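Chains as they are written, first to last, in this note's numbering: chain A, 1 to 262; chain B, 1 to 262. From the three backbone atoms N, C-alpha and C, an ideal C-beta is built for every residue, glycine too. Nothing here was measured: the structure is a model prediction, and the numbers come from that model. Only one structure is covered here, and it is reproduced in the block below.
Written as structure tokens, this is what we have:
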């Protein structure tokens, strides 16, 4: 198998489109930003766009497509209906199925939202020597539904989902400094320390992803997470909402460092 | 007359509501952010919200109201139909009139957009010892229509309007550094130097506001400007669009320093 870490985003998108790549995209196209996907009919797009505006930490928008258009500006010659390895289709809040592509179910009234993804800030952390536990453990990041409610917008409301990375206090300070520079990919953490303060009952039993080890000298650090829209969809039950499957992201042409501010 | 610079935003909004204050708001409520206003019917709100998402430098959103709601969260007990000293009503792209309040013309389908305003970054510049020419000259900032086109969104398209502040090269460097920290109020400049490179034919003859002196050792510095939506409205001619009159801003409860990132 080719080393996908050194391929260009266009190359890997083509392989995904041809069903030659079906796996999670972590580690592919080193240096390029990956994104979360939310597809909604135009009738729901205003409420969701307003939801992202009011909740930029869980929902940092990288691009919103024009209505019915499959090619995104942040990914040359892309096709959002085929260029993600695995899609999830939610109907009235129920996960109806997972699909390789959306060709047969594409609608001319669909609007695609690409939201920034923590892979970008994890690269920045690792570049500065901060180990990321779930990457060391080769598993998914642990994610938790909190009692921090999003600002509602139209039909959309619900709890903030967070991802958690444990680290020693000196690394916590560095990680806050580094991720503050990346508001387009969730930015600074929204909580550190006691999980109970944000409504997490059992840190060892995440709602999404896998548990990771937290060592005795470590503090859990919580970032707002792009899975939030999926938790919201399950709650508010829109007619239809399509997302990426966790870990199966949209690979953009945006270089990670371009998402850093200042 | 009371010194409005030391009044609270709530106090001054009340005075404006009572028609006791009708003047431009520059200098009022020291330390608090003021905002540009755009009101549109809900039918046009998606296109405009998407326009702001695609053009965050001229259109940095501080808040979008719920449909028909006059009170904004960033201004406790506010009434957006009365709390600005002077409104402009555009119908099909024509400035139809200026009004003290909107009570008689308020519609239940109106959505209010508050966009960040350069007063915030001017405070930050002055706090670091950078003189702002139009404030020294006690006039309006000069503004120019450029040939830098905004990213279109739905019906909205048009040129970026910029504001200009001349300064010496050492101050230009500082000003870029300082304003980069304020993406919510237009952020870093979008051009420095030769006005012709962005389609400005006569720097001494601005399209909005007043001309200011540019000294021999100074470089003109151009920031994206919140008047852009008004230039866009004149071009795309929406059924109705209501804005503040230039310089007559909405005074929010947001402290300026809260808009700084990192």
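C-beta neighbour in chain B for residue 53 of chain A, strict 7 Å: Using a CB distance cut-off of 7 Å, residue 53 of chain A counts as an interface residue toward chain B.
I want to see whether chain A comes within less than 7 Å of residue 212 of chain B, judged by CB atoms only; does it? No, its Cβ sits nowhere closer than 7 Å to a Cβ of chain A.
Is there a Cβ of chain B sitting closer than 7 Å to that of residue 49 of chain A, yes or no? Chain B, which has a Cβ nearer than 7 Å to the Cβ of residue 49 of chain A, makes this yes.
Alpha-carbon to alpha-carbon, residue 24 of chain B and residue 148 of chain B: The straight-line gap separating the alpha-carbon atoms of residue 148 of chain B and residue 24 of chain B is approximately 29 Å.
Give me the Cβ distance between residue 246 of chain A and residue 56 of chain A, rounded to the nearest whole Å; I'm assuming they're in contact under 8 Å. Actually they are not in contact, since the Cβ atoms of residue 246 of chain A and residue 56 of chain A sit about 21 Å apart, beyond 8 Å.
Pairwise C-alpha distance: residue 225 of chain A and residue 75 of chain A: In a straight line, the C-alpha of residue 75 of chain A is about 22 Å away from that of residue 225 of chain A.
Classify residue 96 of chain B as helix, strand or coil using the three-state DSSP reduction. In the three-state reduction of the DSSP assignment, residue 96 of chain B falls in the strand class, which pools E and B.
Please state whether the Cβ-Cβ distance between residue 143 of chain A and residue 21 of chain A is less than 7 Å. No, the Cβ-Cβ distance between residue 143 of chain A and residue 21 of chain A is not below 7 Å.
Terminal residues of the alpha helix (DSSP H) in which residue 11 of chain A lies: Note, residue 11 of chain A: alpha helix (DSSP H), 9-17.
Roughly how many angstroms separate the alpha carbons of residue 10 of chain B and residue 71 of chain B, rounded to a whole number? Looking at the two C-alpha atoms, the distance is approximately 12 Å.
Can you pull the chain B neighbours of residue 61 of chain A, defined as C-beta to C-beta under 8 Å? Chain B residues near residue 61 of chain A: 53.
For residue 6 of chain A, which of helix, strand or coil comes out of DSSP? In the structure shown, residue 6 of chain A sits in a helix (DSSP, three-state: H, G or I).
Please report the Cβ distance between residue 156 of chain B and residue 232 of chain B, rounded to the nearest whole angstrom; I am assuming they are in contact, meaning their Cβ atoms lie under 8 Å. Contact flag correct, Cβ pair sits at about 6 Å.
Based on the DSSP output, what are the partners of residue 149 of chain B in its beta bridges? Per DSSP, B:159.
What is the DSSP secondary structure of residue 141 of chain B, reduced to helix, strand or coil? For residue 141 of chain B, the secondary structure class from DSSP, reduced to helix, strand or coil, is coil.
Give me the chain A residues within the contact set of residue 273 of chain B, using Cβ-Cβ distance strictly less than 9 Å, ordered along the chain. Not covered by the structure: residue 273 of chain B. The range shown for chain B is 1 to 262.
Terminal residues of the alpha helix (DSSP H) in which residue 48 of chain A lies: First-last of the alpha helix (DSSP H) with residue 48 of chain A: 42-54.
Take residue 197 of chain A as the anchor and find which of A:170, A:145, A:151, A:138 has the nearest alpha-carbon. Here the closest residue by C-alpha is A:145.
Quick check on DSSP: helix, strand or coil for residue 91 of chain B? Strand.
Any heavy atom of the ligand FMN closer than 6 Å to the CB of residue 96 of chain B? Among the components of this structure there are no ligands whatsoever, and the ligand FMN is therefore not found.
To the nearest angstrom, how far is it from the Cα of residue 169 of chain A to the Cα of residue 214 of chain A? C-alpha separation (whole angstroms): 13 Å.
6 Å Cβ shell around residue 234 of chain A - same chain, five flanking residues per side excluded: Excluding sequence neighbours, residue 234 of chain A sits near 93.
Nearest to residue 67 of chain A by alpha carbon, out of A:58, A:80, A:124, A:109? Ranking A:58, A:80, A:124, A:109 by Cα distance to residue 67 of chain A puts A:109 first.
Of the residues B:262, B:59, B:8, which one's Cα is nearest the Cα of residue 151 of chain B? Residue B:59 is the option with its Cα nearest to residue 151 of chain B.
So, are the CB atoms of residue 62 of chain A and residue 153 of chain A less than 7 Å apart? For the pair residue 62 of chain A and residue 153 of chain A, the CB atoms are not nearer than the 7 Å cut-off.
Nearest neighbour of residue 191 of chain B, chosen from B:204, B:254, B:175, B:249 [CA to CA]: Here the closest residue by C-alpha is B:175.
Given this structure, state the Cα-to-Cα distance separating residue 206 of chain A from residue 260 of chain A, to the nearest angstrom. Across the structure, residue 206 of chain A and residue 260 of chain A are spaced so that their CA atoms are roughly 29 Å apart.
One or two residues paired with residue 165 of chain B in a DSSP bridge: Here residue 165 of chain B is bridged, per DSSP, to B:221.
Does any residue of chain B have a CB that is nearer than 7 Å to the CB of residue 221 of chain A? So no, residue 221 of chain A is outside the interface.
With a threshold of 7 Å between beta-carbons, can residue 236 of chain B be considered close to chain A, or not? Not one beta carbon of chain A lies nearer than 7 Å to the beta carbon of residue 236 of chain B.
In the DSSP assignment, find the alpha helix (DSSP H) that holds residue 125 of chain A and state where it starts and stops. It spans 119-127 - the alpha helix (DSSP H) in which residue 125 of chain A sits, taken as one unbroken run.
What residue range is occupied by the uninterrupted beta strand (DSSP E) comprising residue 244 of chain A? First-last of the beta strand (DSSP E) with residue 244 of chain A: 240-244.
In whole angstroms, what separates the C-alpha of residue 222 of chain A from that of residue 119 of chain A? For residue 222 of chain A and residue 119 of chain A, the distance between alpha carbons rounds to 15 Å.
Could you pull the start and end residues of the alpha helix (DSSP H) that residue 228 of chain A belongs to? Per DSSP, residue 228 of chain A belongs to the alpha helix (DSSP H) from 228-236.
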